[in-house]
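Engineer: Numbering that gives the first Met the number 0 applies: residue 0 is where the sequence shown begins, and numbers increase by one.
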Amino acid sequence: MKLGKSILLDELLKADDVEYTDVSQNRFWIVCPACNEAIFKVVRNQGTKDDTALHYFSHYEASKAYAADCELRVGGITEREITEKAIQSRDQKLKFFITTLQTLIHDDFELHIPDDPRWTSNQFRAMNRSHAMADLHSMLYQFFFVKGFPNYSDEELISTFDHAFNRLPQSEQSQLSTTLGQHTQKRIAIDLLRHLRNPQARPSFDTLFDHSFAWYARRLENAIRNSKLLGMPTRNNDEEEIFKAMLRIMTTSRQKLRPILQKLAQNIYGTTGPDGPDNSMMTLFDSIIREMFVILIRLPYLSLLKEALKKQSPPPRPADPRTLSSCSPMST
0 MKLGKSILLD
10 ELLKADDVEY
20 TDVSQNRFWI
30 VCPACNEAIF
40 KVVRNQGTKD
50 DTALHYFSHY
60 EASKAYAADC
70 ELRVGGITER
80 EITEKAIQSR
90 DQKLKFFITT
100 LQTLIHDDFE
110 LHIPDDPRWT
120 SNQFRAMNRS
130 HAMADLHSML
140 YQFFFVKGFP
150 NYSDEELIST
160 FDHAFNRLPQ
170 SEQSQLSTTL
180 GQHTQKRIAI
190 DLLRHLRNPQ
200 ARPSFDTLFD
210 HSFAWYARRL
220 ENAIRNSKLL
230 GMPTRNNDEE
240 EIFKAMLRIM
250 TTSRQKLRPI
260 LQKLAQNIYG
270 TTGPDGPDNS
280 MMTLFDSIIR
290 EMFVILIRLP
300 YLSLLKEALK
310 KQSPPPRPAD
320 PRTLSSCSPM
330 ST
């Protein structure tokens, strides 16, 4: 069969787009679209001159007549049906993640930074009540989501998420080691990013902003501390000035926010590229946006889907070790 159904994603997947470990490690709960029984991935060398391989799914245990019936039914599924199913599923997954996004962002922060006294739940609540922080939210929202975002193509968003993915620790990258895993992660992150442009999503945007602000402040603080321990100056003290300004912004009044930002904007330096920031204020904005991308690409979407589905029904049975020799990455 050329198609399998992911119970986890509620989508039809082409065998060409699925890697051996996606199935053997039961990452997406892939079953036969016709009978919902577990299937495995086969890659067969056709022995042609161009050495192209044939990718398909097969049942673990089934009579020839039973398997042939499934192949006939699955073979009748059209590209239009595959696309419509994918669109419907993406919409359902987006609704699922929207309802829990603020909690996901904060839980992810506490998972990675559990004991920092500067960034407690009380601190985030105080940031949420701050008029100065609210104004900063609105500035960046206008700067990125209103003015900048409409100019981004899908390819540029994917490229930005690729850069964000590369900033993750290797242990986190390894959890999304296949093309399907990375593609799914980026697709969900892009859908959520688009959702954050809606006025109804401002509470979620504010939560994402505050935690991105905290992540960037921590990175600056660590860089400054490490530079001093090594006896090395930071980049013309730019990082230290930005970090001090961020601490002031968290506790300042609305009236004092603009003077702080104006002082940062007056610190002009050479850009690192054609689109790079040329002053400390733009570096602050640019870095917070980058942290947003990192957070959205890091959130454990697949694990959350699994937990939600486990409450509804058990996952399909994993691969039978006795059959693994039949579903090797290259079987002839």
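Beta carbons: idealized from backbone N, C-alpha and C, even for Gly.
In this text, all values refer to a predicted model and were calculated from it rather than measured experimentally.
(1) DSSP has Arg196 in a bridge; who is on the other side?
(2) Since Met249 contacts Ser120 with CB under 8 Å, what's their CB separation in whole angstroms?
(3) Check Ala216 in the structure and name its three-state DSSP category.
(4) Using 8 Å as the threshold, is the C-beta distance between Leu167 and Arg297 below it?
(5) According to the Cβ coordinates, are Leu207 and Met291 closer than 8 Å?
(6) Taking 8 Å as the limit between beta carbons, can you name the residues of its chain near Ser252, skipping five residues before and five after?
(7) What residue range is occupied by the uninterrupted alpha helix (DSSP H) comprising Asn165?
(8) Tell me, please, which residues DSSP counts as bridged to Phe39.
(9) Would you decide whether Val17 is buried or exposed? Buried here means 16 or more other CB atoms lie within 10 Å of its CB.
(10) If contacts are defined as beta-carbon pairs under 8 Å, then Asn266 and Asp285 qualify, I think. What distance do you get, rounded to the angstrom?
(11) Are the beta-carbon atoms of Tyr59 and Ala37 separated by less than 8 Å?
(12) Does the distance from the C-beta atom of Phe123 to that of Asp209 stay below 8 Å?
(13) Can the beta-carbon of Leu256 be found less than 8 Å from the beta-carbon of Asp106?
(14) Report all residues from its chain with a CB closer than 6 Å to the CB of Ser34; omit the five preceding and five following residues, and keep chain order.
(15) Thinking C-beta only, is Asp161 closer than 8 Å to Arg89?
(16) Going along the chain, which residues of its own chain have a beta-carbon closer than 7 Å to the beta-carbon of Glu220, five neighbours each way excluded?
(17) May I ask which residues mark the beginning and end of the beta strand (DSSP E) holding Lys4?
(18) Measuring CB to CB, does Leu93 end up less than 8 Å from His194?
(19) Under the assumption that Lys40 contacts Phe56 (Cβ atoms under 8 Å), give the Cβ distance between them as a whole number of angstroms.
(20) Following the continuous beta strand (DSSP E) through Glu334, name the residue where it begins and the one where it ends.
(21) What number of angstroms, rounded off, separates the C-alpha of Ser211 from the C-alpha of Ala200?
(22) Looking at the structure shown, is Val17 part of a helix, part of a strand, or coil, going by DSSP?
(23) What are the start and end residues of the alpha helix (DSSP H) that includes Asp90?
(24) Report the residue ranges of all alpha helix (DSSP H) runs contained in full by the region 248-313; include only those spanning at least 4 residues, in chain order.
(25) Taking only the alpha-carbon atoms, compute the straight-line gap between Gln254 and Met138 and give it to the nearest angstrom.
(26) Can you tell me where the alpha helix (DSSP H) holding Ser176 begins and where it ends?
(27) Beta-carbon within less than 6 Å of His54's beta-carbon, same chain only, minus the 5 sequence neighbours each way: which residues are those?
(28) State the start and end residues of the unbroken alpha helix (DSSP H) segment that holds Leu135.
(29) Please list, in chain order, all residues of the same chain as Ala188 whose beta carbon is under 7 Å from its beta carbon, the five residues on each side excluded.
(30) State the Cα-Cα distance for the pair Gly226 and Val293, rounded to the nearest angstrom.
(31) What first and last residue would you give for the alpha helix (DSSP H) that runs through Gln169?
(32) Leaving out five residues before and five after Met126 in sequence, what residues of the same chain have Cβ atoms less than 7 Å from its Cβ?
(33) Reducing DSSP to helix, strand and coil, say where Ala33 ends up.
Structural biologist: Here's the rundown:
(1) As a working note, residue 196 is residue 197 in the sequence shown. Paired residues: none, contrary to the question.
(2) Working through the sequence shown from its first residue, we reach residue 249 at position 250. Working through the sequence shown from its first residue, we reach residue 120 at position 121. 15 Å between Cβ atoms; not a contact.
(3) Here residue 216 corresponds to residue number 217 of the sequence shown, with the count starting at 1. Three-state DSSP puts Ala216 in a helix.
(4) Indexing the sequence shown from 1 puts residue 167 at position 168. Indexing the sequence shown from 1 puts residue 297 at position 298. Result yes, Cβ atoms of Leu167 and Arg297 sit closer than 8 Å.
(5) Within the sequence shown, the letter at position 208 stands for residue 207. Within the sequence shown, the letter at position 292 stands for residue 291. Cβ atoms of Leu207 and Met291: closer than 8 Å.
(6) Translated into positions along the sequence shown, residue 252 becomes position 253. Counting only Cβ-Cβ distances below 8 Å, and skipping sequence neighbours, we find His130, Ala131.
(7) Walking along the sequence shown from the start, residue 165 turns up at place 166. Its alpha helix (DSSP H) spans residues 153-165.
(8) Along the sequence shown, read from residue 1 onward, the residue named residue 39 stands at position 40. Ser57, per the DSSP bridge assignment.
(9) Here residue 17 refers to the residue found at position 18 of the sequence shown. Buried, because 16 or more other Cβ atoms sit within 10 Å of the Cβ of Val17.
(10) On the sequence shown, position 267 is the one that residue 266 refers to. On the sequence shown, position 286 is the one that residue 285 refers to. With a Cβ gap of about 14 Å, Asn266 and Asp285 do not count as contacting.
(11) The residue given as residue 59 occupies position 60 in the sequence shown. The residue given as residue 37 occupies position 38 in the sequence shown. Result yes, Cβ atoms of Tyr59 and Ala37 sit closer than 8 Å.
(12) Against the sequence shown, residue 123 aligns to sequence position 124. Against the sequence shown, residue 209 aligns to sequence position 210. In contact: Phe123 and Asp209 (Cβ atoms closer than 8 Å).
(13) For this step, residue 256 is matched to residue 257 along the sequence shown. For this step, residue 106 is matched to residue 107 along the sequence shown. No, the Cβ-Cβ distance between Leu256 and Asp106 is not below 8 Å.
(14) Against the sequence shown, residue 34 aligns to sequence position 35. Rather than Ser, the amino acid found at residue 34 in this sequence is Cys. Excluding sequence neighbours, Cys34 sits near Cys69.
(15) Looking up residue 89 in the sequence shown gives position 90. Looking up residue 161 in the sequence shown gives position 162. In this structure, Asp161 does not lie closer than 8 Å to Arg89 by Cβ.
(16) Locating residue 220 in the sequence shown gives position 221, counting from the first residue. So the list reads Phe242, once near-sequence residues are dropped.
(17) Locating residue 4 in the sequence shown gives position 5, where the first residue counts as 1. Note, Lys4: beta strand (DSSP E), 2-5.
(18) Taking the first residue of the sequence shown as 1, we reach residue 93 at position 94. Taking the first residue of the sequence shown as 1, we reach residue 194 at position 195. Yes, Cβ-Cβ distance for Leu93 and His194 is below 8 Å.
(19) Counting from one through the sequence shown, the residue named residue 40 turns up at place 41. Counting from one through the sequence shown, the residue named residue 56 turns up at place 57. Yes, Lys40 and Phe56 are in contact; Cβ-Cβ is about 6 Å, under 8 Å.
(20) No answer is possible for residue 334: it lies beyond the span of the chain, which begins at 0 and ends at 331.
(21) By one-based count along the sequence shown, residue 211 stands at place 212. By one-based count along the sequence shown, residue 200 stands at place 201. Near 16 Å, if we compare the C-alpha coordinates of Ala200 and Ser211.
(22) Against the sequence shown, residue 17 aligns to sequence position 18. Three-state result, Val17: coil.
(23) Counting from one through the sequence shown, the residue named residue 90 turns up at place 91. First-last of the alpha helix (DSSP H) with Asp90: 78-111.
(24) 253-264, 279-297, 300-311
(25) As a working note, residue 254 is residue 255 in the sequence shown. As a working note, residue 138 is residue 139 in the sequence shown. Spanning the two alpha carbons is a distance of roughly 14 Å.
(26) Along the sequence shown, one-based indexing puts residue 176 at 177. Taken as a continuous stretch (DSSP letters only), Ser176 belongs to no alpha helix (DSSP H), as it is neither H nor E.
(27) Residue mapping note: residue 54 aligns to position 55 of the sequence shown, counting from 1. Excluding positions up to five away in sequence, the list reads Ala14, Asp15, Val42.
(28) Position 136 of the sequence shown, counted from the start, is the residue given in the question as residue 135. Residues 130-139.
(29) On the sequence shown, position 189 is the one that residue 188 refers to. Excluding residues within five positions, the ones whose Cβ falls inside 7 Å are Phe160, Leu295, Ile296.
(30) Counting from one through the sequence shown, the residue named residue 226 turns up at place 227. Counting from one through the sequence shown, the residue named residue 293 turns up at place 294. Residue 226 is actually Ser in this sequence, not Gly. Near 24 Å, if we compare the C-alpha coordinates of Val293 and Ser226.
(31) Residue numbering aside, residue 169 sits at position 170 when the sequence shown is read from its first letter. Run containing Gln169: 169-172, per the alpha helix (DSSP H) assignment.
(32) Counting from 1 along the sequence shown, the entry for residue 126 is found at position 127. Closer than 7 Å at the Cβ level, and outside the excluded window around Met126, lie Met132, Asp209, Met249.
(33) Position 34 of the sequence shown, counted from the first residue, corresponds to residue 33. Coil.
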